[in-house]
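Remarks on the structure that follows.
Residue numbers (this note's numbering): 124 to 309.
As structure tokens, this is what we get:
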């Protein structure tokens, strides 16, 4: 192995390690998205050495972002969004980050652009297909705060879904859900 190959493997390992720090799939996706968004401050230098530093920083930055994008695609593939809305939001987030990276190439790296487009298509197709089978979120309103059990029966005729409603409503106390919140439509 060469030093370059070892470095690439280390960067890929770093992205995988960041992903492994989160047990929750949503947190894993959030962490990796932050890593993809990271941009180092511009390097300044004079002459040939300064120019070389800029080129090296840009190359390493692109490598880090792309490794994080690959790991992000893996995290999304393993995630199970509970609603149509969350699947679409996940798709839009990842595809937006992939679009940003495609634009960041500046048309200078055709192979990278092609690989990023293939990855974007795979992510978009996967999440779109999975979203089609999920319930959309809907607005739930009531005249007064009601217990989660009452709302679960009212909406779904299923008391077992009370905890789910309390989570969607971000209720501090499941005995008093807010008068307006979003929850699964079915």
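Positions of the beta carbon are idealized from the N, C-alpha and C atoms, including for glycine. Quantities reported herein were computed from a predicted structural model and do not represent experimental measurements.
Ordered along the chain, which non-local residues of its own chain (more than five positions away) have a Cβ less than 8 Å from that of residue i?
| i | result |
| --- | --- |
| residue 242 | 192, 193, 196, 221 |
| residue 287 | 275, 306, 307 |
| residue 299 | 268, 269, 270 |
| residue 173 | 166, 167 |
Can you tell me which of the options puts its alpha carbon nearest to the alpha carbon of residue i?
| i | options | result |
| --- | --- | --- |
| residue 236 | 185, 255, 200, 145 | 185 |
| residue 163 | 125, 181, 275 | 181 |
| residue 294 | 268, 201, 276 | 268 |
| residue 206 | 299, 291, 300 | 291 |
Checking 8 Å against the spacing of the C-beta atoms, do residue i and residue j come in under that value?
| i | j | result |
| --- | --- | --- |
| residue 240 | residue 225 | yes |
| residue 250 | residue 177 | no |
| residue 154 | residue 145 | yes |
| residue 238 | residue 278 | no |
| residue 246 | residue 211 | no |
| residue 265 | residue 228 | no |
| residue 202 | residue 148 | yes |
Apart from the five residues just before and just after residue i, which ones in its own chain have a Cβ nearer than 6 Å to its Cβ?
| i | result |
| --- | --- |
| residue 297 | 271, 289 |
| residue 308 | 258, 259, 261 |
| residue 151 | 142, 145, 198 |
| residue 263 | 304, 306 |
Decide if residue i is buried, meaning its Cβ has at least 16 other Cβ atoms within 10 Å, or exposed.
| i | result |
| --- | --- |
| residue 285 | buried |
| residue 255 | exposed |
| residue 282 | exposed |
| residue 188 | buried |
| residue 231 | exposed |
| residue 274 | buried |
| residue 252 | exposed |
| residue 138 | buried |
| residue 132 | exposed |
| residue 159 | buried |
Is residue i close to chain C, meaning its C-beta is less than 8 Å from at least one C-beta of that chain?
| i | result |
| --- | --- |
| residue 194 | Reference to chain C is not applicable here, since this structure consists of a single protein chain. |
Handout entry: Length-filtered (4 minimum) alpha helix (DSSP H) runs lying within the stretch 138 to 196
Key = With a minimum length of 4 residues, the continuous alpha helix (DSSP H) runs that stay inside the stretch 138 to 196 are 148 to 160.
Exercise for the section: Give, in chain order, every unbroken run of the beta strand (DSSP E) that is at least 3 residues long and sits entirely within the stretch 218 to 304. Expected result: If only uninterrupted beta strand (DSSP E) runs of at least 3 residues are considered, those enclosed by the stretch 218 to 304 are 260 to 264.
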